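Chemist: Have a look at this one before I ask anything.
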Amino acid sequence: SIFVPTIARIGYALGTLAPELGMSAPVPDMGPKPVRTMADMGMAGMDMSGSADTSGAADASGMAGMPGMDTKPAADASMAGMNMGKPAATSPGASMAMPSTPADKAMADMPGMSASGKPVPAAKPADSMAGMPGMSDQTAAAPIAAPVDADGLRRLKYGLLRAATRNADNRAPERELLVRLTGDMTRYFWSINDKKLSNAKPFKIGLGERVRIKMVNETMMEHPMHLHGVFMELVNGNGIFAPRKHTIIVPPAQTVELDVTYEDEGTWAFHCHLFYHAVTGMFRLVEVA
């Protein structure tokens with residue numbers, strides 16, 4: 138059974154694959170609602186040690202060292218849709234609270250903050266895991282089972298994903314497309330590369346062109362990014378067995394990389410799957426020709 142609680146711990150989904158009708162594993166407790174620290178949101182310079190219980194702080198160990206997965210500052214690398222009770226993040230409504238005081242201006246001078254008060258983009262991720270046992274450009278290690286935690290649950294993370302078959306296109310990327318996930322937590326509007334859809338030109342990708350898309354989350358919350366018309370190959374150290382996904386979650390203040398090769402011409406949508414984010418501007422067209 139796969140148990141999927143909401144980030145805010147107000148509900149869950151449960152799916153079961155079994156040989157007989159009616160078979161199901163026990164439903165686990167959702168656990169406490171997690172508390173996100175300032176470091177988890179790209180504000181490591183802010184000392185919040187005395188202001189909140191951080192016992193639910195996220196664990197990024199599952200993505201540490203993976204190419205395309207920058208884990209500084211620390212943030213939960215677990216899949217938001219596959220977290221079985223482990224604290225991952227606060228609810229979107231809770232994470233947007235920002236004081237409107239003179240301290241706002243002071244934030245711009247703190248480590249981890251830009252002059253505009255936004256989190257500084259995460260550092261460039263490592264380029265390769267070729268030196269690790271079982272990891273190379275041609276082969277991938279056998280699937281790794283998620284460890285069993287003390288409560289008996291296995292928590293699934295992106296680092297555990299591996300395609301069952303080789304990807305069709307094994308070429309190295311011809312170029313890189315930078316996609317910055319931007320927005321304003323106080324005004325609560327969202328954009329890509331600081332532009333909403335109506336003010337932005339489409340991204341252009343050639344038919345059959347091998348492109349690496351680098352998504353840098355400069356905001357304080359997760360964005361599940363969905364690209365139409367093609368499967369995205371998540372760069373997670375598995376080489377030609379990189380997992381193929383249509384939606385990839387980018388944690389706050391982190392960088393995720395993926396490779397794509399379009400086989401169909403057309404104009405395709407690229408947007409955050411928190412659809413109210415897409416409606417306010419985190420939406421872009423991709424023209425393939």
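In the working numbering, each residue's number is its place in the sequence shown (first place is 1) plus 137.
Idealized CB from N, CA, C, for every residue including glycine.
Computed from a prediction, not measured in an experiment: that's the story for all the values here.
Which class does residue 390 belong to by DSSP, given the choice of helix, strand or coil?
Modeler: In the structure shown, residue 390 sits in coil (DSSP, three-state: anything other than H, G, I, E or B).
Chemist: DSSP on residue 428, reduced to helix/strand/coil?
Modeler: The displayed coordinates of the chain run from 138 to 426. Any statement about residue 428 would go beyond what the structure contains.
Chemist: Quick check: what's the CA-CA separation for residue 327 versus residue 317?
Modeler: Rounded to the nearest angstrom, the two C-alpha atoms are 11 Å apart.
Chemist: Give me the DSSP bridge partner(s) of residue 396.
Modeler: Residue 396 is bridged to 349 and 370.
Chemist: With burial defined as no fewer than 16 other Cβ atoms inside 10 Å of the residue's Cβ, what is the status of residue 310: buried or exposed?
Modeler: The residue is buried, with at least 16 neighbouring Cβ atoms inside 10 Å.
Chemist: Could you give the DSSP three-state label for residue 385: helix, strand or coil?
Modeler: Correct three-state label for residue 385: strand.
Chemist: Could you have a look at residue 168 and say whether DSSP puts it in helix, strand or coil?
Modeler: Correct three-state label for residue 168: coil.
Chemist: Quick check: the Cα distance between residue 386 and residue 156, rounded to an integer number of angstroms?
Modeler: About 31 Å.
Chemist: With DSSP as the reference, please indicate the residues paired to residue 429 in a beta bridge.
Modeler: Residue 429 lies beyond the residue range present for the chain, which begins at 138 and ends at 426; the question has no answer from this structure.
Chemist: Looking at the secondary structure, which residues open and close the alpha helix (DSSP H) in which residue 285 lies?
Modeler: From DSSP, residue 285 is part of no alpha helix (DSSP H); its letter is neither H nor E.
Chemist: Using only CA atoms, which one of 180, 345, 315 and 319 lies nearest to residue 305?
Modeler: Comparing Cα-Cα distances from residue 305 to each of 180, 345, 315 and 319, the minimum goes to 345.
Chemist: If the criterion is Cβ atoms closer than 8 Å, does the pair residue 414 and residue 363 meet it?
Modeler: Cβ atoms of residue 414 and residue 363: not closer than 8 Å.
Chemist: Determine the closest residue to residue 313 out of 407, 151, 340 and 426, with distance taken between C-alpha atoms.
Modeler: Among 407, 151, 340 and 426, the Cα nearest to that of residue 313 belongs to 340.
Chemist: Applying the criterion that 16 or more other CB atoms from any shown protein chain within 10 Å of the CB defines a buried residue, is residue 329 buried or exposed?
Modeler: By the 10 Å Cβ count, residue 329 comes out buried.
Chemist: Express the C-alpha separation of residue 151 and residue 140 in angstroms, rounding to a whole number.
Modeler: When rounded, the distance between both Cα atoms is 5 Å.
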